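Below is one structure, written out as structure tokens, with a few remarks after it.
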Amino acid sequence: MKQQPAETEPTPLNRSFFDRSVHEVAPDLLNKVLVGPNGSGRIVEVEAYGGSDDPGSHAFRGPTPRTELMFGPPGFLYVYFSYGMHWCANVVTEPSGSASAVLLRALEPLSGVSGMYAARGRAKRDVDLCSGPAKLCAALGIDGDLNGLDLTQGSAVVRIVDDGVLPPADATATTRIGLSKGADLAWRYVVLNSPHLSRKIHP
DNA sequence: ACCGGGATGTTCT
DNA sequence: GAACATCCCGGTG
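Residue numbers 13 to 215, in my numbering, belong to the letters of the first sequence in order.
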């Protein structure tokens, strides 16, 4: 029987991983594994948000009840309700006082796929399960009840683990999706050639 | 393939 | 009252 190179038992990413610039953390999250209540998937697309220079960030105009998590310590889950229908999940980065987060935008499903189909209703193909920020939350079972969760605890129902697959050497940065402000910033990071992206890269 | 519009409700001005 | 870090469906070419 085949055995993995057993280097490290997959453990959740620790606080110091997230306690860096959002622009370092975001590309480093590519190829990590997001584990949720319904299953898990490999992260293939993220977007960076934050800083006083980013008009597309929820935190741009200062802290509000909704966004206070972005101003807090790193390593926590920030879940917000989008368009009155959908949940989207972020990971808070950078030290307290520095508001930033990484939006998790697309996954390659790994485990719990049948449960993901059940949770996603009309999805017909694997590439439809987690190819968008609200799709992946629905597929994995992430909603507002999990807002503020500490991702670095081994027992957390949502965590991000490193299974030994490195971030892609050719990680590509492109413009973010769905914004009316800050749309010029190339802060979307993707695993090139993944069929699970929310949108294809326009060449 | 591309494009347009509807669903649906919280958040902040 | 407007805006919104989305998704899905139905039209047309």
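For every residue, glycine included, the Cβ atom is placed at its ideal position computed from N, Cα and C. Remember, it's a predicted structure, so these values are computed and weren't measured experimentally.
Neighbourhood of ALA195 by C-beta, 8 Å cutoff - its chain only, sequence neighbours within 5 removed
Once the five neighbours on either side are set aside, the close Cβ partners of ALA195 are GLY68, THR187 and ARG188.
Three-state secondary structure (DSSP) of LEU197:
Coil.
To the nearest angstrom, how far is the alpha carbon of MET13 from that of ASN43?
Bear in mind that a pLDDT of 43 at MET13, under 50, signals an unreliable position, so the number given afterwards is only what the model happens to contain. Going by the C-alpha atoms only, they are around 25 Å apart.
Give the DSSP-derived three-state secondary structure of GLY53 in the structure shown.
Three-state result, GLY53: strand.
Tell me the start and end of each unbroken alpha helix (DSSP H) in the region 120 to 145 that is at least 4 residues and wholly inside, in chain order.
Positions of the alpha helix (DSSP H) runs, each at least 4 residues long and wholly inside the region 120 to 145, are given as 125 to 132 in order along the chain.
Quick one: grab the DSSP three-state call for LEU204.
LEU204: coil per DSSP, three-state reduction.
With a floor of 3 residues, list each beta strand (DSSP E) that falls wholly inside the region 141 to 183, ordered by position along the chain.
Correct list: 171 to 173.
In its own chain, which residues sit with a C-beta less than 6 Å from the C-beta of LEU25, not counting the 5 before and 5 after it?
ILE172, listed in sequence order.
Compare the C-alpha of ALA181 against each of PHE30, ARG32, ASP40 and TRP199 and name the closest.
Measuring from the Cα of ALA181, the nearest candidate turns out to be ASP40.
What is the DSSP secondary structure of PRO86, reduced to helix, strand or coil?
Under the three-state reduction of DSSP output, PRO86 falls in the coil class, being neither helix nor strand.
Alpha carbon to alpha carbon, how far is PRO179 from GLY109? Give it in angstroms, no decimals.
Straight-line measurement puts the Cα of PRO179 at about 28 Å from the Cα of GLY109.
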